[in-house]
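The next block holds one structure in the form of structure tokens; read it before the comments.
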Amino acid sequence: GEEVAQTPKHLVRGEGQKAKLYCAPIKGHSYVFWYQQVLKNEFKFLISFQNENVFDETGMPKERFSAKCLPNSPCSLEIQATKLEDSAVYFCASSQLGQGNQPQHFGDGTRLSIL
Amino acid sequence: DAKTTQPPSMDCAEGRAANLPCNHSTISGNEYVYWYRQIHSQGPQYIIHGLKNNETNEMASLIITEDRKSSTLILPHATLRDTAVYYCIVRVVNTGNQFYFGTGTSLTVIP
Numbered sequence: 006g007e008e009v010a011q012t013p014k015h016l017v018r019g020e021g022q023k024a025k026l027y028c029a030p031i032k033g034h035s036y037v038f039w040y041q042q043v044l045k046n047e048f049k050f051l052i053s054f055q056n057e058n059v060f061d062e063t064g065m066p067k068e069r070f071s072a073k074c075l076p077n078s079p080c081s082l083e084i085q086a087t088k089l090e091d092s093a094v095y096f097c098a099s100s101q102l103g104q105g106n107q108p109q110h111f112g113d114g115t116r117l118s119i120l
Numbered sequence: 088d089a090k091t092t093q094p095p096s097m098d099c100a101e102g103r104a105a106n107l108p109c110n111h112s113t114i115s116g117n118e119y120v121y122w123y124r125q126i127h128s129q130g131p132q133y134i135i136h137g138l139k140n141n142e143t144n145e146m147a148s149l150i151i152t153e154d155r156k157s158s159t160l161i162l163p164h165a166t167l168r169d170t171a172v173y174y175c176i177v178r179v180v181n182t183g184n185q186f187y188f189g190t191g192t193s194l195t196v197i198p
């Protein structure tokens, strides 16, 4: 598609439950990025993929967080045993190539609420 | 380590030019400056980017100083729909190309 599609828009989970978020990048884009926005203006990079391969995972928490981008499937971000502090908006972005002069196109995010 | 500093908020009269400054004094030679905006809680929207030269597109102009330590985003005729948080971002080229977002400038366009 022409836009990055993220599902669901909202996700509510009890503390300790699993949460799984999905992202369909723009068709033809090879790079996918995940960001977490906890407070209103603060973004944190989590992980990036080049096609189905992890490109950079330096921002991913060591425990509980995992992500995949499999061929012919939306990318996914999964959080095991969620904690209250995982409440945030999770944004996915895609770009055609990985170079510095390629804009990233963002989806509208998934708002995760942990109760 | 946001790499950029911006004023937290600014006002601009409708129809006037909005000039949003950004400091990126530690920028490296191969790092691009990007500007995005976020309206309400939507996803960040791409505006413009540049490396050394000034850039212009249908949305805005980007002026980068010669030493590249700062830049200014110019919205030539601000409208109420330009009210948003504007992020100046330095794109790190050599480590996965993720964006380092700062805390942004909340621009309010006043009728």
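These protein sequence lines are chains P and R, in that order. Once you know that position 111 of the first sequence is 116 in our numbering, the rest is easy, because the numbers rise by one and skip nothing. Once you know that position 62 of the second sequence is 149 in our numbering, the rest is easy, because the numbers rise by one and skip nothing. Note that CB positions come from ideal geometry on N, CA and C, so glycine has one too. Note that the structure is a prediction, hence the values are computed from the model and not measured.
Check	Outcome
Straight-line gap, P/Gln42 to R/Ser158 (C-alpha atoms, nearest Å)	25 Å
Contacting positions in the segment 152-175 of chain R - beta carbon closer than 7 Å to chain P	Val172
Proximity test, Cβ basis, 7 Å: P/Ser53 and chain R	yes
When P/Gln11, P/Leu102, P/Pro13 and P/Ser81 are compared against P/Gly33, the one with the closest alpha-carbon	P/Leu102
Extent of the continuous beta strand (DSSP E) to which P/His15 belongs	His15 to Arg18
R/Leu160 to R/His136 span [Cα, whole Å]	10 Å
Expected contact under 8 Å - CB spacing of R/Pro131 and R/Ser193 to nearest Å	Between R/Ser193 and R/Pro131 the Cβ distance is about 14 Å, and since that is not below 8 Å, they are no contact.
R/Gln129 and R/Val172 closer than 7 Å at C-beta	no
Entirely enclosed beta strand (DSSP E) segments - the segment 7-66 of chain P, minimum 3 residues	10-12, 15-18, 24-29, 36-42, 48-55 and 58-61
Best match in R/Thr92, R/Val120 and R/Ala147 for proximity to R/Asp169 [C-alpha to C-alpha]	R/Ala147
Counted within 10 angstroms of its Cβ, other Cβ atoms place R/Gly102 as buried (16 or more) or exposed	exposed
Under 8 Å by beta carbon: chain P residues contacting R/Gln93	Near R/Gln93 there are no residues of chain P at all, since even the closest Cβ is about 10 Å away, more than 8 Å.
is_contact[P/Phe50, chain R] using C-beta, thresh 7 Å	yes
Contacts of P/Asp113 in chain R (Cβ-Cβ under 9 Å)	Ser128, Gln129 and Gly130
Per-residue DSSP class, three states only, for P/Glu90	helix
Any non-hydrogen atom of the ligand NAP within 6 Å of P/Gln42 CB	Absence of the ligand NAP from the depicted structure is noted, as is the absence of any ligand whatsoever, leaving it without description.
Among R/Gln93, R/Asp98, R/Thr92 and R/Lys90, nearest to R/Leu167 - alpha-carbon criterion	R/Asp98
Bridge partners - P/Pro79, DSSP secondary structure assignment	None, per the DSSP bridge assignment.
Chain R within 7 Å of P/Pro13, Cβ atoms only	no
Those residues which DSSP pairs with R/Glu142 across a bridge	R/Leu149
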